[in-house]
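In what follows, a structure is listed as structure tokens, so that the remarks can point back to it.
Chains as they are written, first to last, in this note's numbering: chain A, 1010 to 1119; chain B, -12 to 101.
Pasting the structure below:
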């Protein structure tokens, strides 16, 4: 599976959009981009995933560049409860081992 | 509430003890997973069960013994653990073990080995 690179930490003001970047320059054509987050003392929570097209759900939007070498997770209106570690994962369908890496620690500031 | 329940939430055990971690999912999923999360380390996949058969064992020491009696329950039996086994143990489930697009995690068991 392709490796990903994320910033170690980011801050975001409450109510503003949080934009979390992820680089995956070695991604293959059959690999998806997944995002999970882990709030302190809880298990990871699925957020969103995509292959080529941009995706949006009730939690977030996922913007994937045309060359698919990077992506951005957007939380449109960050709240204090969005403070968590966010993991960008690239994996092919059928794999049963997600590599979570160290992720980005997002702190939402009042 | 994710539909995956883990008990106990916290466990302290000595190196000579035998204990078990329990996981139950109410989602009708066919695949269940054990992950280990040590302090300041990425999550590590330990075991994967699909339709009650073990399909993945990531070189986990034999002092960790999984059991999946049915598709809703998963256990991790622990014996003669070492202090370095202290970690958060997370259970997860997914609809289909062949495609892991959405993993649903429990809150984990925080294990301390003295």
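C-beta: ideal position from N, C-alpha, C; glycine also.
Residue i and residue j closer than 8 Å at C-beta
{"i": "residue 1123 of chain A", "j": "residue 1119 of chain A", "result": "The structure shown does not extend to residue 1123 of chain A, since chain A is modelled only from 1010 through 1119, so no value can be given for it."}
{"i": "residue 1097 of chain A", "j": "residue 1021 of chain A", "result": "no"}
{"i": "residue 23 of chain B", "j": "residue 79 of chain B", "result": "no"}
{"i": "residue 29 of chain B", "j": "residue 1052 of chain A", "result": "no"}
{"i": "residue 68 of chain B", "j": "residue 41 of chain B", "result": "no"}
Same chain, Cβ closer than 6 Å to residue i, five either side skipped, listed in chain order
{"i": "residue 1060 of chain A", "result": "1041"}
{"i": "residue 1101 of chain A", "result": "1039, 1040"}
{"i": "residue 70 of chain B", "result": "100"}
{"i": "residue 1018 of chain A", "result": "1114"}
{"i": "residue 1077 of chain A", "result": "1036"}
First and last residue of the uninterrupted beta strand (DSSP E) at residue i
{"i": "residue 23 of chain B", "result": "18 to 24"}
{"i": "residue 1047 of chain A", "result": "1040 to 1047"}
{"i": "residue 1099 of chain A", "result": "1093 to 1101"}
{"i": "residue 1033 of chain A", "result": "Careful: residue 1033 of chain A lies outside any beta strand (DSSP E) and carries neither H nor E."}
{"i": "residue 11 of chain B", "result": "5 to 12"}
Cβ of residue i within 8 Å of any chain A Cβ
{"i": "residue 43 of chain B", "result": "yes"}
{"i": "residue 62 of chain B", "result": "no"}
{"i": "residue 98 of chain B", "result": "no"}
{"i": "residue 29 of chain B", "result": "yes"}
{"i": "residue -10 of chain B", "result": "no"}
{"i": "residue 89 of chain B", "result": "yes"}
{"i": "residue 94 of chain B", "result": "yes"}
{"i": "residue 32 of chain B", "result": "yes"}
{"i": "residue 79 of chain B", "result": "yes"}
Contact set for residue i: own chain, Cβ-Cβ below 8 Å, skip 5 residues either direction
{"i": "residue 45 of chain B", "result": "31, 32, 33, 34"}
Residue-chain proximity (residue i, chain B), Cβ-Cβ < 8 Å
{"i": "residue 1052 of chain A", "result": "yes"}
{"i": "residue 1066 of chain A", "result": "no"}
{"i": "residue 1095 of chain A", "result": "no"}
{"i": "residue 1107 of chain A", "result": "yes"}
{"i": "residue 1024 of chain A", "result": "no"}
{"i": "residue 1110 of chain A", "result": "yes"}
7 Å CB neighbourhood of residue i in its chain, flanking five on each side removed
{"i": "residue -5 of chain B", "result": "96"}
Does the region 1083 to 1094 of chain A come within contact of the region 62 to 82 of chain B, defined as at least 3 CB pairs closer than 8 Å? Result no; under three Cβ-Cβ pairs closer than 8 Å.
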